[in-house]
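Beneath this line is the structure, given in structure tokens, with notes to follow.
Protein chains: 2
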Amino acid sequence: MTVRLTVTEVSERSGFAPSALRYYEDRGLVDATRTPGGRRRYDREVLRRLAFIAAAKHVGLSLDEIRASLDLLPEGRTPTKRDWSRLSRDWRARLDAEIEALEALRDGLDGCIGCGCLSLQRCRLSNPDDVLASRGPGAAFLPAPLHPTPDRPRVTPE
Amino acid sequence: MTVRLTVTEVSERSGFAPSALRYYEDRGLVDATRTPGGRRRYDREVLRRLAFIAAAKHVGLSLDEIRASLDLLPEGRTPTKRDWSRLSRDWRARLDAEIEALEALRDGLDGCIGCGCLSLQRCRLSNPDDVLASRGPGAAFLPAPLHPTPDRPRVTPE
DNA sequence: GTAGAAGTTGAAGTCAACTTGAAGTCAAGC
DNA sequence: GCTTGACTTCAAGTTGACTTCAACTTCTAC
Chain B
0 MTVRLTVTEV SERSGFAPSA LRYYEDRGLV DATRTPGGRR RYDREVLRRL
50 AFIAAAKHVG LSLDEIRASL DLLPEGRTPT KRDWSRLSRD WRARLDAEIE
100 ALEALRDGLD GCIGCGCLSL QRCRLSNPDD VLASRGPGAA FLPAPLHPTP
150 DRPRVTPE
Chain Y
0 MTVRLTVTEV SERSGFAPSA LRYYEDRGLV DATRTPGGRR RYDREVLRRL
50 AFIAAAKHVG LSLDEIRASL DLLPEGRTPT KRDWSRLSRD WRARLDAEIE
100 ALEALRDGLD GCIGCGCLSL QRCRLSNPDD VLASRGPGAA FLPAPLHPTP
150 DRPRVTPE
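Protein chains in written order, with numbering that gives the first Met the number 0: chain B, 0 to 157; chain Y, 0 to 157.
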């Protein structure tokens, strides 16, 4: 029989608050069996899931995305190290893209905001979408951001 | 007499929705005078502020932080290019730190998650705070994140 | 057998950054 | 004078990821 952990134990060992554990259960990220009296009992396996969740959150994934990843784990058998590392392989590309976006933004600071041209008609810092729309020479200013500021407006003052 | 822009004009030229402009006024990021009838009239200067706000948001600053920056602008006179570029100079360091953090996280993928060790006691990917606490050999895994996932838990499974 | 800790549920609250809606006002043209 | 469109305020709704609360139950120890 596998070890069954209580909410408090899982909370203490995972660092997630009990309320977060319940929330994750609601959202389908983790599951728990119940005692006859209705208390949750966690398989120790859940700690690995929670470690994955913590890391994924750090990478910037939403809970929906994390659940989608976790859904790729094999059903019926305990996931192996290979299973876990396969899931996180995509993060690499995501992080690369995000780093690239930030570097482009940083480099734009020197050329654009640094010179005070912030308010110009097509300043790329305040108006990065222009670049995505028309990748002219010297463009590639902002690869699609990974944590997209949703519906960011276009600024074309004066 | 300086040009006075209507809400619609500012909205169209800045890309911010009228509701956002009102919200920013509430929050003290921009201001507007009023006509005798109570309608907002914006100084053209506001477009530069909005361009700054758009860029700052892209860098990841909160509205509170942006307002704090804008409060550093000189009162009484129209800000110069130097004034504006001084404000954005801090972004450079912020972006550098954020890039560094992401690179460290990405490099950790290869060594840590890539090998399946995600669930180990002190895995640095799921538990970056450990590194901040004790910068042992091979540490420096995660500089303080700039968009801090507030109250991120520590995960120390099994 | 009973106190107290630990756990349960469901509903509501939180935060940021807005958006949406309702109900009313102002301004311009005819 | 009236319609129409632009605008006003204030209140409430939205989203994501939870937390907090109230009211109740279950388990453990003595």
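No residue lacks a Cβ here, since even glycine has one placed at the ideal position from N, Cα and C.
Next on the checklist: My parser needs the beta strand (DSSP E) runs of 3 or more residues fully inside the segment 7–54 of chain B; what are they?
Outcome noted: Runs found: 39–42.
Next on the checklist: For a cutoff of 8 Å on Cβ pairs, would you count V58/B as touching chain Y?
Outcome noted: yes
Item to check | Coil, strand or helix - L69/Y by DSSP | outcome: helix
Checklist entry - Within 8 Å (strictly less), CB to CB, does L104/Y reach chain B? => result Put simply, the CB of L104/Y is near chain B, with a gap under 8 Å to one of its CB atoms.
Checklist entry - What do you reckon, are the CB atoms on A31/B and E24/B nearer than 8 Å? => result yes
Checklist entry - The alpha helix (DSSP H) with E99/Y in it runs from where to where? => result K80 to G107
Checklist entry - What are the residues that DSSP puts in a beta bridge with R3/B? => result D42/B
Checklist entry - To which residues of the same chain is T34/Y closer than 7 Å at the C-beta, ignoring the five residues directly before and after it? => result R40
Next on the checklist: Buried or exposed, going by whether 16 or more other CB atoms sit within 10 Å of the CB of P78/Y?
Outcome noted: P78/Y sits buried, since 16 or more C-beta atoms from the chains shown fall within 10 Å of its C-beta.
Item to check | Interface residues of the segment 82–107 of chain B facing chain Y [CB-CB below 7 Å] | outcome: W83, S84, S87, W90, R91, L94, D95, E97, I98, L101, E102, L104 and R105
Item to check | Whole-angstrom distance between W83/Y and G107/B, CA atom to CA atom | outcome: Going by the C-alpha atoms only, they are around 15 Å apart.
Next on the checklist: Below 8 Å on the Cβ atoms is my contact criterion, and I expect R26/Y with R66/Y to pass it. Report the Cβ-Cβ distance as a whole number of Å.
Outcome noted: 6 Å
Checklist entry - For the putative contact between R91/Y and R105/B, defined by C-beta atoms under 8 Å, what is the C-beta separation to the nearest angstrom? => result The C-beta distance from R91/Y to R105/B rounds to 6 Å, short enough to fall under 8 Å.
Item to check | Beta-carbon contacts of T48/B that lie in its chain and below 6 Å, excluding the five residues immediately before and after | outcome: According to the sequence displayed, residue 48/B carries Arg and not Thr. Same-chain partners within the cutoff: V29.
Next on the checklist: According to DSSP, simplified to helix, strand and coil, what is L60/Y?
Outcome noted: coil
Checklist entry - Going by alpha carbons, who is nearest to L62/B out of T5/B, S13/B and Y22/B? => result Y22/B
Checklist entry - Distance, Cα to Cα, S10/B vs S18/B? => result 9 Å
Item to check | Residues near S68/B by beta carbon distance below 6 Å, same chain, minus five either side | outcome: L86
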